[in-house]
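Trainee:
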Amino acid sequence: MNIQEIESATRIAWPAIEEIELEGGTLRYASGVSRRSNALIPKVSGRFCPQQLISETERFYSAKGQDAVIKVLITEKTNCAFGKLDMLLEEVKYQKQAPTAVLGLQLNQDPGLKLSKTGFHIIESTKDDWVAAWQAVRMFNPVRYNSHRQLLRRISGIVYCLVMHDDHLNPCATGMAVLNKKTLGIFGIATSKKYHGQGLASQIISELLRWGRLRGAGFAFLQVEERNLPALALYKKFGFTQQYSYWYRVKEMAEGRVIAP
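Per my numbering: the sequence shown = residues 39 to 299.
(1) Grouping DSSP H, G and I as helix and E and B as strand, with all else coil, what is Ser72?
(2) How about Ser185 and Ala258: are their beta carbons less than 8 Å apart?
(3) Would Gly195 pass as a contact of Val216 if the rule is Cβ separation under 8 Å?
(4) Determine, using beta carbons only, whether His203 and His159 come nearer to each other than 8 Å.
(5) Around the C-beta of Ser83, are 16 or more other C-beta atoms found within 10 angstroms, so that it is buried, or is it exposed?
(6) Should Glu96 be labelled buried (16 or more other beta-carbon atoms within 10 Å of its own) or exposed?
(7) If contacts are defined as beta-carbon pairs under 8 Å, then Ala47 and Asn218 qualify, I think. What distance do you get, rounded to the angstrom?
(8) Let me know the secondary structure DSSP gives Gln188 once reduced to three states.
(9) Kindly list the residues whose CB is nearer than 7 Å to the CB of His234, restricted to its own chain and excluding five residues on each side of it in sequence; keep chain order.
(10) Could you tell me which whole beta strand (DSSP E) segments of length 3 or greater appear in the region 215-267?
(11) For Ile55, which of Gln188, Ala77, Pro80 has the nearest alpha-carbon?
(12) Note down the Cα distance separating Ala171 from Gln135, rounded to an integer number of angstroms.
(13) Please report the residue range of the beta strand (DSSP E) in which Gln133 lies.
(14) Please determine, among Ala271, Lys232, Glu162, the residue with the shortest C-alpha to C-alpha distance to Leu246.
(15) Going by beta carbon distance, what residues of the same chain come within less than 6 Å of Gln261, once the five residues before and after it are set aside?
(16) Restricting to Cα atoms, I'd like to know which of Arg49, Val130, Arg251 is closest to Pro88.
(17) What is the C-beta distance between Gly63 and Ile41, in whole angstroms, given that I count them as a contact (C-beta under 8 Å)?
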């Protein structure tokens, strides 16, 4: 898959509450819940005017009462427009945040990764219950529950939500897959701190990939912050390879609401 196709699949799999199409990109808004759903996404083609995008972004998010956020795509063939955009954003005091790698995997064959049994229980969950479990594992403020739940309810693809529980039915790991045509997006991979290093995430990922293959998925993708070295190493074991990367540029607006990770 190319960058345009992956970016399109990402928008479908992780929606926003409001989207406005501009000549040079898409403004996304979701009450400040996640940068992914609260940022200006420039056109992958690079056909945009950087100054105009910045002006429209600041006007839009200022009216919403939150920080201005712009996503900057980086590839081996980064076009001139994205380079100019990033330099201009730095000049006008936008802070660089969350450098992220986008990884991809062809699903035409099973990598044959042998996983040890964990002794925990994986169950399929409803979207609402999954959000609650994911927030508990990530130790997020529960006040964001309704906003996250609203986002998941807007997903148009086929969704498979998994939660791993311990013997006391406490959530200890989560993961979610969204199938759109033959593309499988993987999101929300998380493990409770006290269970790190026990192979829980591997079990979740393996099951999500198995589910996708059975339903005809030919390509899987996921996003992981570049500073998360353990996660990058884990995904590499499954055969994922880097497709491209991106980061966000963020400018605090007057009395703006800070965007959640």
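All residues carry an ideal CB built from backbone N, CA and C; glycine is no exception. For clarity, every value in this text was computed on a predicted model and none was experimentally measured.
Mentor: Reading it off the structure:
(1) The count along the sequence shown starts at 1 and reaches residue 72 at position 34. Here Ser72 sits in coil by DSSP.
(2) Translated into positions along the sequence shown, residue 185 becomes position 147. Translated into positions along the sequence shown, residue 258 becomes position 220. In this structure, Ala258 does not lie closer than 8 Å to Ser185 by Cβ.
(3) Here residue 195 refers to the residue found at position 157 when the sequence shown is read from its first residue. Here residue 216 refers to the residue found at position 178 when the sequence shown is read from its first residue. For Gly195 and Val216, yes; Cβs fall inside 8 Å.
(4) Within the sequence shown, residue 203 is the residue found at index 165, counting from 1. Within the sequence shown, residue 159 is the residue found at index 121, counting from 1. Contact annotation: His203 and His159 have beta-carbon atoms nearer than 8 Å.
(5) For this step, residue 83 is matched to residue 45 along the sequence shown. It counts as exposed.
(6) Taking the sequence shown and counting its residues from 1, one reaches residue 96 at position 58. Flag for Glu96 reads buried.
(7) Position 9 of the sequence shown, counted from the start, is the residue given in the question as residue 47. Position 180 of the sequence shown, counted from the start, is the residue given in the question as residue 218. Their Cβ separation, rounded to whole angstroms, is 6 Å, which keeps Ala47 and Asn218 in contact under 8 Å.
(8) Here residue 188 corresponds to residue number 150 of the sequence shown, with the count starting at 1. Note: Gln188 maps to helix in three-state DSSP.
(9) Residue mapping note: residue 234 aligns to position 196 of the sequence shown, counting from 1. Nothing meets the Cβ criterion.
(10) 221-229, 257-263
(11) On the sequence shown, position 17 is the one that residue 55 refers to. The residue with the shortest Cα to Cα distance from Ile55 is Gln188.
(12) By one-based count along the sequence shown, residue 171 stands at place 133. By one-based count along the sequence shown, residue 135 stands at place 97. C-alpha separation (whole angstroms): 26 Å.
(13) As a position in the sequence shown, residue 133 is number 95, starting the count at 1. Here the beta strand (DSSP E) through Gln133 covers 133-144.
(14) Residue 246 sits at position 208 when you count from the first residue of the sequence shown. The shortest C-alpha separation from Leu246 is found at Glu162.
(15) Counting from one through the sequence shown, the residue named residue 261 turns up at place 223. Result list for Gln261: Thr138, Val140, in chain order.
(16) Taking the sequence shown and counting its residues from 1, one reaches residue 88 at position 50. Of the candidates Arg49, Val130, Arg251, the one whose C-alpha sits nearest the C-alpha of Pro88 is Val130.
(17) The sequence position of residue 63 within the sequence shown is 25, counting from 1. The sequence position of residue 41 within the sequence shown is 3, counting from 1. No, Gly63 and Ile41 are not in contact; Cβ-Cβ is about 14 Å, not under 8 Å.
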